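Trainee: This structure is in structure tokens; I'll ask about it shortly.
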Amino acid sequence: MTTRRLVLTRSAAVVGAASTGLLLPQIARAQSGKVRVGFMLPYTGTYAQLGVAIENGVRMAIDEKGGKLGGREIEWFKVDDESEPAKGVENANRLVQRDKVDVIIGTVHSGVQMGIQKVARESGVLSIIPNAGVHAATRALCAPNVFRTSFTNSQPTLALGKPMFDRGVKKAVWITHKYAAGDEAFEGFRESFTKAGGTVVKELGLPFPQVEFQALLTEIASIKPDAVACFFAGAAAPKFIRDYAAAGLKGKIPLYGSGFLTEGVIEAAGPAAEGIVTTMHYSDSLDIPRNKQFRLAYAKMFRLQPDVYAVQGYDAGQLLVQGLAAVKGDLGNKQAISKAMESAVIDSPRGKWTMSKSHNPVQDMYLRVVEKGENKVIGVAAKALADSGAGCKMGA
Ligand code: PHB
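Here the numbering used here is used: the first residue of the sequence shown is 2, the next is one more, and so on.
Encoded structure:
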């Protein structure tokens, strides 16, 4: 945890440094010929650690390709979005209108993403989503200039219902932070679990970012379901895992989740995390050379263990490298950039993946269990899973 805090402090210093660049006259900017890349990520609050992992991943992917984009140097900008939806549009506009970025990489929180999506659609700025799974971004509100390197909120949970049912779970309680991410994760869970033959006996929730779980855990104890499935992420996840065990539910009512529950937090959750089964498009223990190489290089560069967020950031960096290489850094050629990104094959630590028509990863979902402090792969829960992209009328 100390190292993480150190990294966060360093990030804060970079925010300050970047803002001094904002004082440069417009003309000097134009002549500098640099690609202006803006990070809009949470650097404080529940999802702060996720923002840092994403930024690390992006920087590492670009560093590995010589530190430039399409042959041009990079000028970086940063905004801490605080996972605060009410400030989403304003923060995105800070990057687009004030900093004149060529590309926004962000964000983590689905509610904040809706602000970025509005600004991206109105301004046409290239937008790469390295986490937030809000359906609309690659469904009804999809856009030629918006690409996601992570997932839709229902993707991991669409793969969760059947393995749970197959493991003997007939009646489940769902619990989540109540906002788009949790509600859409529930859509995937309900669909897959009921289709397999299971029944969701109760849906529980609390507002983000509250972490007072006690009353809800008491309710779960009185319902006595066969299992609990959930969506919690960031700093809320280890708190939920520990509170679940402290309430005496661990070992009695098995805990399942979309894999964010056990990403980057197993150490913080401690022994209470052992045995939790999740589905996710990545796993620490994924036994492919690309993952091993990635994990070693990341640990060496940042003195941290990577997680799914670092992977999604890394793939955002890889996507940007490919897009700008295709036009040799000519940012004016937006159509060719979009085309290159649409047809990109991303050689990811999670395994190779491609873009769906609506610009969301088509990817495998792994079934994992926490064992000795690590997410261990115990199966493939879904092969080449694509989001429906319902309502996306790209190019129509
Ligand atoms: C989201 O708000 O879309 C979100 C946040 C954190 C996650 C996953 C999804 O781990």
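Yeah, the Cβ is synthetic: ideal placement off N, Cα and C, and Gly gets one too. On a predicted model such as this, the values are computed, not experimentally measured, just so you know.
1) Entirely within the stretch 138-220 and at least 4 residues each: give me those alpha helix (DSSP H) ranges in chain order.
2) Does the beta-carbon of Val147, which I'm using as the reference point, lie nearer than 6 Å to any heavy atom of the ligand PHB?
3) Any contact between the stretch 364-376 and the stretch 272-285? By contact I mean 3 or more CB pairs, one from each, below 8 Å.
4) Under 7 Å, Cβ to Cβ, is there at least one residue of chain B near Gly271?
5) Using DSSP with H/G/I as helix, E/B as strand and the rest coil, what is Leu250?
6) In angstroms, rounded to a whole number, what distance separates the CA positions of Gln118 and Val147?
7) Within its chain, find whatever has a CB closer than 6 Å to the CB of Glu264; leave out the 5 residues flanking it on each side and keep chain order.
8) Quick one: what's got a C-beta closer than 7 Å to Gln306's C-beta in the same chain, skipping five residues either side?
9) When the distance is taken between beta carbons, is Pro145 closer than 7 Å to Ser339?
10) For Leu386 and Leu207, which I take to be in contact (beta-carbon distance under 8 Å), what is that distance rounded to the nearest angstrom?
11) Can you name the residues that DSSP bridges to Ile105?
12) Can you determine whether any heavy atom of the ligand ZN sits closer than 6 Å to the C-beta of His110, and answer yes or no?
13) One question on the structure: do Thr177 and Cys231 come within less than 7 Å of each other, judged by their Cβ atoms?
14) Would you call the stretch 83-97 and the stretch 55-62 in contact, with 3 or more CB pairs under 8 Å?
15) Which first and last residues belong to the alpha helix (DSSP H) in which Gln50 is found?
16) With DSSP collapsed to three states, give me the class of Ser389.
17) Within a Cβ cutoff of 6 Å, which residues of the same chain sit near Ala197, ignoring the five residues on either side of it in sequence?
18) Bridge partners for Met115 per DSSP, in chain order?
19) For Asn292, name the three-state secondary structure that DSSP assigns.
20) So is Glu123 buried or exposed if we call it buried at 16+ other beta carbons inside 10 Å?
21) Which residues mark the beginning and the end of the beta strand (DSSP E) in which Gly460 is found?
22) Within the same chain, show all residues whose beta-carbon is closer than 6 Å to that of Ala238, passing over the 5 residues directly before and after it, in chain order.
23) Would you kindly check if the distance between the Cβ of Ser151 and the Cβ of Glu188 is under 7 Å?
24) Let me check one thing: in DSSP terms, what residues is Gly258 bridge-paired to?
25) Count the other C-beta atoms from every protein chain shown that fall within 10 angstroms of the C-beta of Ala382, then say buried if there are 16 or more, exposed otherwise.
26) Who are the near neighbours of Ala54 in its chain, counting only those whose CB is closer than 8 Å to its CB and skipping five residues on each side?
27) Whose C-alpha, out of Phe194, Pro131 and Gln323, is nearest the C-alpha of His110?
28) Looking at Ser84 and Gly46, is the spacing between their C-beta atoms short of 7 Å?
29) Could you tell me whether the Cβ atoms of Gly390 and Arg140 are closer together than 7 Å?
30) Considering just the uninterrupted stretch of the beta strand (DSSP E) at Glu372, what are its terminal residues?
31) Can you tell me where the alpha helix (DSSP H) with Lys394 in it begins and where it stops?
32) From the DSSP secondary-structure annotation, give me the bridge partner or partners of Lys79.
33) Look up Glu85 in the DSSP assignment and say whether it is helix, strand or coil.
34) By Cβ distance, which residues of its chain are closer than 8 Å to Ala14, with the 5 residues on each side in sequence left out?
35) By DSSP's criteria, Arg73 is part of a beta bridge. Which residues make up the other side?
Mentor: Taking the coordinates as given:
1) 156-159, 162-167 and 181-197
2) no
3) yes
4) Absent here is chain B; the protein component of the structure consists of one chain.
5) coil
6) 8 Å
7) Asp308 and Val309
8) Ala300
9) yes
10) About 29 Å; that fails the 8 Å criterion.
11) Gly39 and Ser128
12) Summarising the ligand content, the structure contains the ligand PHB and does not contain the ligand ZN.
13) yes
14) no
15) Ala49 to Glu65
16) coil
17) Gly162, Lys163 and Phe166
18) Per DSSP, none; premise fails for Met115.
19) helix
20) exposed
21) Only positions 2 to 397 of the chain appear in this structure, which leaves residue 460 out of reach.
22) Leu262 and Val266
23) no
24) Cys231 and Thr279
25) buried
26) Gly265, Leu305, Pro307, Asp308, Tyr310, Ala311 and Gly314
27) Pro131
28) yes
29) yes
30) Pro362 to Glu372
31) That residue, Lys394, is in no alpha helix (DSSP H); it is neither H nor E in DSSP.
32) Phe40
33) coil
34) Summary for Ala14: the model assigns pLDDT 40, below 50, so the residue's position carries little reliability; its value from the coordinates is reported in the next sentence. So no residue of the chain qualifies.
35) Leu70
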